[in-house]
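Remarks on the structure that follows.
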Amino acid sequence: MAKQARSLRTHELVLDAAAAEFVRHGYPRANLQHVAARTGLTKGALYAHFASKEHLARALTEHLDQVVDELLARHKDADLPANEQLRALCCALAERVESDVRFNAALRLVMDEAQSAPEPPRLPADLRALAAEGDDGLTEPLSSESLADLAVVILVGAYYTAPDPERRGLAERVRGLWDAVDGRQAVEETGTL
Numbered sequence: 001m002a003k004q005a006r007s008l009r010t011h012e013l014v015l016d017a018a019a020a021e022f023v024r025h026g027y028p029r030a031n032l033q034h035v036a037a038r039t040g041l042t043k044g045a046l047y048a049h050f051a052s053k054e055h056l057a058r059a060l061t062e063h064l065d066q067v068v069d070e071l072l073a074r075h076k077d078a079d080l081p082a083n084e085q086l087r088a089l090c091c092a093l094a095e096r097v098e099s100d101v102r103f104n105a106a107l108r109l110v111m112d113e114a115q116s117a118p119e120p121p122r123l124p125a126d127l128r129a130l131a132a133e134g135d136d137g138l139t140e141p142l143s144s145e146s147l148a149d150l151a152v153v154i155l156v157g158a159y160y161t162a163p164d165p166e167r168r169g170l171a172e173r174v175r176g177l178w179d180a181v182d183g184r185q186a187v188e189e190t191g192t193l
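So the sequence shown is numbered by the UniProt record's numbering: it starts at 1 and just counts up by one.
Shown next, in the form of structure tokens:
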């Protein structure tokens, strides 16, 4: 039993070290020797836990999918207009980036891969679905598709323009961008500045 617990702790340590490496360098420039050094393992011992850099990346993106599913479920059930649901979800995602290095790394991996992938990543599709479900057609000045695109732009734009790899302050920046959008919507709705 102690051997299993130690193996599980090492597995988790490797995931955290790999996440830190991916956050800083992205997939192509991530170096498994650096991951091994951060964990105090040999590269061979690292491979006993994960057969390749691809396997490490896949484990992290699976974590991202689980977190997104949890956050989507939480925000789908909220009895709020679509723009408020998307705002809350984007802020929750940004908070998770700051607090969870694995989530941060997985989001970077997914976004970096999306630049060359034939299909868009799942997250924008999930945001579109949430916007479409919350679209009452009565009070939203933006279409659900435009609102979902805006949510992606706010989250991804704030992520990529963050001043450091750990994305400190990301949630605050995302909230500020949503506040700016909400302020503009209020101006458009009232017709005054």
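Note that the Cβ used here is the ideal one computed from N, Cα and C, for glycine as well.
- One Cα belongs to residue 164, the other to residue 84, and the distance between them is close to 28 Å.
- In the DSSP assignment, residue 149 falls within the alpha helix (DSSP H) that extends over 144-160.
- Beyond the five residues adjoining it in sequence on each side, residue 31 comes within less than 8 Å, by CB distance, of 21, 25 in the same chain, given in chain order.
- In the three-state scheme derived from DSSP, where H, G and I count as helix and E and B as strand, residue 169 is classed as coil.
- In this model, residue 133 and residue 82 are separated by some 8 Å (Cα to Cα).
- Nearest to residue 53 by alpha-carbon distance, out of 145, 27, 63, 144, is 27.
- Look at residue 42 here: in three-state DSSP terms it is coil, with no helix or strand label.
- Judged by DSSP secondary structure, residue 28 falls within the alpha helix (DSSP H) whose first and last residues are 2-29.
- For residue 124, the secondary structure class from DSSP, reduced to helix, strand or coil, is helix.
- Unbroken alpha helix (DSSP H) runs of no fewer than 4 residues, entirely contained in the stretch 38-90, are found at 43-49, 53-76, following chain order.
- For residue 100, the secondary structure class from DSSP, reduced to helix, strand or coil, is coil.
- If you draw a straight line from the Cα of residue 98 to the Cα of residue 5, it comes to about 28 Å.
- Secondary structure of residue 112 (DSSP, three-state): helix.
- For the pair residue 60 and residue 47, the Cα-to-Cα distance works out to about 16 Å.
- The C-beta distance from residue 159 to residue 167 rounds to 6 Å, short enough to meet the 8 Å contact threshold.
- Excluding five sequence positions before and after residue 154, the CB atoms of its chain that fall closer than 7 Å to its own CB belong to 90, 174, 177, 178, given in chain order.
- When C-beta atoms of the stretch 59-78 are compared with those of the stretch 31-41, fewer than three pairs fall below 8 Å, so the two segments do not count as touching.
- Here residue 8 is exposed, its C-beta having fewer than 16 other C-beta atoms within 10 Å.
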